[in-house]
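Below is one structure, written out as structure tokens, with a few remarks after it.
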Amino acid sequence: MGTKLTQLLICFWISLPFCVTQKAKERIPRQRDAEFTDKYQACVQGVPGVQGRDGNPGINGIPGTPGIPGRDGLKGEKGECVSERFEEPWKPNFKQCAWNSLNYGIDLGKIAECTFTKQRSDSALRVLFSGSLRLKCKTACCQRWYFTFNGAECTGPLPIESIVYLDQGSPELNSTINIHRTSTVEGLCEGIHAGLVDVGIWVGTCADYPRGDASTGWNSVSRVIIEELPK
Numbered sequence: 014m015g016t017k018l019t020q021l022l023i024c025f026w027i028s029l030p031f032c033v034t035q036k037a038k039e040r041i042p043r044q045r046d047a048e049f050t051d052k053y054q055a056c057v058q059g060v061p062g063v064q065g066r067d068g069n070p071g072i073n074g075i076p077g078t079p080g081i082p083g084r085d086g087l088k089g090e091k092g093e094c095v096s097e098r099f100e101e102p103w104k105p106n107f108k109q110c111a112w113n114s115l116n117y118g119i120d121l122g123k124i125a126e127c128t129f130t131k132q133r134s135d136s137a138l139r140v141l142f143s144g145s146l147r148l149k150c151k152t153a154c155c156q157r158w159y160f161t162f163n164g165a166e167c168t169g170p171l172p173i174e175s176i177v178y179l180d181q182g183s184p185e186l187n188s189t190i191n192i193h194r195t196s197t198v199e200g201l202c203e204g205i206h207a208g209l210v211d212v213g214i215w216v217g218t219c220a221d222y223p224r225g226d227a228s229t230g231w232n233s234v235s236r237v238i239i240e241e242l243p244k
């Protein structure tokens with residue numbers, strides 16, 4: 014019994030230094046790791062460095078594939094039809110017919126005529142007669158000078174006319190009351206179709222008055238002027 018106890022004690026004293034040395038070896042690496050961690054974790058952050066320059070632009074990428082075609086849109090509303098009208102610039106169109114000393118003494122009928130070519134149907138005609146007019150009578154009388162277009166008086170809007178009225182006369186037609194005066198008959202007529210137009214100057218009676226002794230174009234020039242005007 015004593016011998017076994019002695020052997021155990023000898024073994025303990027022999028193995029004790031080895032165990033202590035092994036534990037010391039294991040503790041030294043762990044201590045180094047702890048010291049390394051404490052050293053670098055506790056460092057103060059340094060001043061930021063200078064910002065770097067921009068790099069060179071990159072090259073173009075590979076082109077993408079075509080997209081899917083779009084669908085048709087909704088049908089729009091029906092538009093209004095607008096027609097543009099292009100007209101040529103207006104060109105003057107006029108004519109003059111003149112007579113020297115007509116000395117036309119009729120009391121009823123056509124005195125003179127002037128044919129005119131009208132270019133457009135939507136235009137108007139301006140007409141003018143200038144000449145000497147005279148009226149004689151025993152009692153009150155009235156004569157009327159007027160224009161016709163292809164034989165008819167103007168209706169667009171009204172006739173073109175002038176009148177001469179004489180209130181006091183003499184017992185005889187060859188009395189001294191025999192005054193010839195240059196007068197005019199002038200106006201605009203609309204609604205006349207394009208083409209040839211016979212423009213006439215006529216003499217006739219006034220409504221509700223007797224006819225007198227009329228004279229047109231005595232000893233002077235008479236003229237008719239026709240001009241086509243845009244509306």
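For what it's worth, the numbering used here labels the leading residue of the sequence shown as 14, then goes sequentially. Even for Gly, the Cβ is constructed at its ideal location relative to N, Cα and C. Being a predicted model, the structure only gives us computed values, none of them experimental.
Grab me the residues of C167's own chain with a C-beta within less than 6 Å of its C-beta, minus the 5 sequence neighbours each way, in chain order.
Within the sequence shown, numbered from 1, the residue matching residue 167 stands at position 154. Hits under 6 Å: I173 and C202.
Check whether the Cβ atoms of E240 and F107 lie closer than 8 Å to each other.
For this step, residue 240 is matched to residue 227 along the sequence shown. For this step, residue 107 is matched to residue 94 along the sequence shown. Contact flag set, yes.
Quick check on this structure: which residue in R147, F142, W158 and G164 has the alpha carbon closest to the alpha carbon of V210?
Taking the first residue of the sequence shown as 1, we reach residue 210 at position 197. Here the closest residue by C-alpha is G164.
For R84, is the classification buried or exposed, using 16 other Cβ atoms within 10 angstroms of its Cβ as the cut-off for buried?
The count along the sequence shown starts at 1 and reaches residue 84 at position 71. Answer is exposed; the Cβ neighbour count stays below 16.
Measuring only the C-alpha atoms, how far is L242 from L146?
Looking up residue 242 in the sequence shown gives position 229. Looking up residue 146 in the sequence shown gives position 133. Computed Cα separation, rounded: 28 Å.
DSSP three-state label for N113, please.
Indexing the sequence shown from 1 puts residue 113 at position 100. It is a strand residue.
Beta-carbon contacts of F129 that lie in its chain and below 7 Å, excluding the five residues immediately before and after
Counted from its first residue, the sequence shown places residue 129 at position 116. Cβ within range, chain order: K108, V210, V212 and I239.
Going by beta-carbon coordinates alone, are Q156 and C219 separated by less than 8 Å?
On the sequence shown, position 143 is the one that residue 156 refers to. On the sequence shown, position 206 is the one that residue 219 refers to. Taking 8 Å as the Cβ cut-off, Q156 and C219 qualify as a contacting pair.
Whose C-alpha, out of L141, G59, I124 and G62, is nearest the C-alpha of W231?
For this step, residue 231 is matched to residue 218 along the sequence shown. Per the Cα distances, I124.
Determine the burial state of L148: buried for a count of at least 16 other Cβ atoms within 10 Å of its Cβ, exposed for fewer.
Numbered from 1 along the sequence shown, position 135 holds the residue referred to as residue 148. It is buried - the Cβ of L148 has at least 16 other Cβ atoms within 10 Å.
W215 versus F142, I119, N113 and Y159, residue with shortest Cα-Cα distance:
Taking the first residue of the sequence shown as position 1, residue 215 is located at position 202. Ranking the options by Cα distance to W215, first place goes to Y159.
Can you say whether I235 is buried or exposed, counting buried as having 16 or more other CB atoms within 10 angstroms of its CB?
Walking along the sequence shown from the start, residue 235 turns up at place 222. The sequence as given places Ser at residue 235; Ile does not occur at that position. Counting Cβ neighbours within 10 Å, S235 comes out buried, since at least 16 surround it.
Distance between G122 and A227 (C-alpha atoms, nearest Å)
Here the question's residue 227 lines up with position 214 in the sequence shown. Here the question's residue 122 lines up with position 109 in the sequence shown. Each residue's alpha carbon lies about 11 Å from the other.
Any chance you could list the alpha helix (DSSP H) runs of at least 4 consecutive residues sitting entirely within the region 68 to 147, in chain order?
none
Which ranges would you report for the beta strand (DSSP E) in the region 167 to 225 if only whole runs of at least 3 residues count?
174 to 179, 193 to 202 and 208 to 218
With DSSP as the reference, label K149 as helix, strand or coil.
The count along the sequence shown starts at 1 and reaches residue 149 at position 136. The answer is strand: DSSP assigns K149 an E or B state.
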